[in-house]
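All residue numbers for the sequence shown refer to this note's numbering, where the first residue is 22 and numbers rise by one. Cβ atoms here follow ideal geometry from the backbone N, Cα and C, with glycine treated the same way. For reference, the structure is listed below as structure tokens.
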Amino acid sequence: MASKTKYSEALRYVDIVGETCAILIGENITVDGFWDRPIRIITHAHYDHLKGLRESILRSKSIIATPPTHELIIALGYIRSKDLLSTYLSKRIFLDYHEKYVVNNEVIELYYVDHILGAAQVLVETNDYRIGYTGDFRLTSKTEILKNLDVLIIESTYGNPSFRRPFKNDVEELFVDLVLDGLELYRRVIIYGYYGKLQEAMHILRTRGVDEPFIMSRKIFEVTRIAEKYGYRIGNYYLSSSKAAKSIMYSDKHIVFEHFNKARYRRIRDDALYIILSGWEFTEPIKRIDQSTWLVALSDHGDFDELIQYVERSQPEIVVVDGSREGDAHSLAKELRKRGWRAIVLPGSKTIDTSLF
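Below, the structure written as structure tokens:
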């Protein structure tokens, strides 16, 4: 078994900055938050992983992400200034999965993860240490497991043991059945969700035989085009302001996609079924909210059991739980320590329980 000194040495190359959510790896790299380092990596195009993007564009030498993530950042309007966009375009580096990028003797490699389009995990080899960061993930057969790690940095969105979904394998089928029922009864179904999750929902519906037209706003339309470019099967979708969409909405069965934030302002009508996609439901796969609205527990994050299973399959020497974002990092670290893992929360103390040596 390695010595306590080795673990302390490995943790010299890992930190998390609470105020910026920056995950610092090695000597040159910051991930999913700003820090004054030459390399900024973005694991995926969700707002909480893009904090400090402006500062990174101005001060970092290079900004690394997968090709879909770079495209989504622009499509979703995260860079508004023309001058800032020009600087970003000059600094961005497209890194495909398993393509290596070397900076000052540190090797960066991205791994596939099932979360949203373009999402990636990060592996950094630095000073003879292997340090991995999961980013946000679901533990499906598509998610690659980072192995042979000295340090694993893991997300903790559903890090509390109460956040379990024993029904998670049934959600997609029940979601499709609900949509089909809504089309039969009302001819119109309106689905609310976040960017990325909406495109996943579209893909699920198409692969399970739902071929009615999809209607969507401009930003959702642009994200959907990018999703199709990178392999999502969608098709038969229309910009809501187009003549074709207006004709469809007047006479044909159809499905409307709206951003999650619009759900609270929805006007309940008797000619549509409303579906809200949310990961924060742990009691039922689908739940009725009112006469016309259902909540579907479709999540792009792994539940508590999946977080534990990832660590068990990865077998890292040390686990660092990300405590800078929404979640329950301390509960997850506590549960990991109960199972014999050397686990700490950052930001926080880097002291590891000596009983685990």
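Sort the options by Cα distance to residue i and report the nearest one.
i: H119; options: S107, Y132, N125, N126; result: Y132
i: F188; options: T41, S262, E302; result: E302
i: L260; options: D117, I137, S272, I241; result: I241
i: K163; options: H65, R151, A141, T90; result: A141
i: Y213; options: T161, D374, L353, I236; result: I236
i: R15; options: L74, E193, V277; result: There is simply no residue 15 to check, as the chain begins at 22 and stops at 378 in what is shown.
i: E347; options: L106, I84, G180; result: G180
i: S111; options: R209, F184, K82; result: K82
i: Q336; options: R360, D343, E243; result: R360
So, with DSSP's three-state summary, where would you put residue i?
i: K371; result: coil
i: D326; result: helix
i: G153; result: strand
i: G180; result: coil
i: H136; result: coil
i: K121; result: strand
i: A364; result: strand
i: A43; result: strand
i: Y295; result: strand
i: Y259; result: strand
Quick one, are the C-beta atoms of residue i and residue j less than 8 Å apart?
i: H275; j: Y253; result: no
i: V172; j: A364; result: no
i: D324; j: R186; result: yes
i: N49; j: I37; result: no
i: V197; j: L219; result: no
i: H91; j: I137; result: no
i: I307; j: L199; result: yes
i: G300; j: A284; result: no
Give me the Cα-Cα distance between residue i and residue j, rounded to the nearest whole angstrom.
i: V52; j: L206; result: 47 Å
i: M22; j: S29; result: Because M22 sits at a pLDDT of 37, beneath the cut-off of 50, its placement in the model cannot be relied upon, and the following sentence gives the value as read from the coordinates. Each residue's Cα considered, the two are about 14 Å apart.
i: R80; j: D57; result: 7 Å
i: T304; j: S320; result: 13 Å
i: T41; j: H70; result: 10 Å
i: E194; j: V134; result: 22 Å
i: T372; j: A354; result: 13 Å
Of all Cβ atoms in chain B, is any one closer than 8 Å to the Cβ of residue i?
i: R363; result: This model lacks chain B altogether; it includes just one protein chain.
Exercise. Is there contact between the region 151 to 160 and the region 324 to 339, where contact requires at least three CB pairs shorter than 8 Å?
Worked result: Touching, yes, given that three or more Cβ pairs across the two stretches are closer than 8 Å.
For this session: Count the CB pairs spanning the region 310 to 318 and the region 293 to 302 that are closer than 8 Å, and state whether there are at least three.
Result: A contact exists between the region 310 to 318 and the region 293 to 302.
Exercise. Counting Cβ pairs closer than 8 Å, one from the region 113 to 128 and one from the region 170 to 184, do we hit at least three?
Worked result: The region 113 to 128 vs the region 170 to 184: no contact.
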